[in-house]
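Worksheet for the structure shown next.
Residue numbers (UniProt numbering): 1 to 115.
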């Protein structure tokens, strides 16, 4: 991940509602949640939530799919993993014995992705 992509991702997460949405979608797993359900859960108007979700999607943090009349949003685990990897890739001055296990856990986790 390059610095511009990371900055865009952090910018998207720097707003309280979007951070709540992102964490909610991480908890929801690969099944995701309908946009309306997300808006209702956070007490946010649907049109405002649509804008928040669009910002998260353009930052590479969420994906969407249509199911019938609903749009289902899910966390983009690849984008999230890339962002976390960007954060820790130079930790401890790159000393593998210190930060290797952390980096391995962040980059190798497949807790929510379908095979």
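Glycine included, every Cβ here is placed at the ideal spot set by N, Cα and C.
Please go through the same chain and pick out, in chain order, the residues whose beta-carbon is closer than 6 Å to the beta-carbon of residue i, but skip the five residues on each side of it.
i	result
residue 1	82, 86
residue 59	8, 9, 12
residue 65	72
Output the boundary residues of the beta strand (DSSP E) element that contains residue i.
i	result
residue 70	70–75
residue 63	62–67
Could you check which residue in the options has the C-alpha nearest to that of residue i?
i	options	result
residue 17	49, 72, 5, 58	49
residue 67	9, 6, 20, 36	36
residue 15	56, 43, 69, 26	56
residue 7	70, 92, 61	61
residue 39	73, 92, 3, 98	73
residue 19	42, 97, 4	42
residue 63	69, 47, 25	25
residue 21	5, 46, 4	46
residue 70	34, 4, 5	34
Ignore the nearest five residues each way along the sequence and tell me which others in residue i's own chain have a CB closer than 8 Å to its CB.
i	result
residue 101	none
Which residues mark the beginning and the end of the alpha helix (DSSP H) in which residue i is found?
i	result
residue 36	35–42
residue 11	3–13
residue 16	16–28
Please work out which residues of its chain come closer than 7 Å, Cβ to Cβ, to residue i, disregarding the five sequence neighbours upstream and downstream, and give them in chain order.
i	result
residue 44	17
Query raised in the report: Using 8 Å as the Cβ pair cut-off and three pairs as the minimum, do the stretch 74–91 and the stretch 23–31 touch?
Result: With a cut-off of 8 Å on Cβ pairs, the stretch 74–91 is in contact with the stretch 23–31, counting three or more such pairs.
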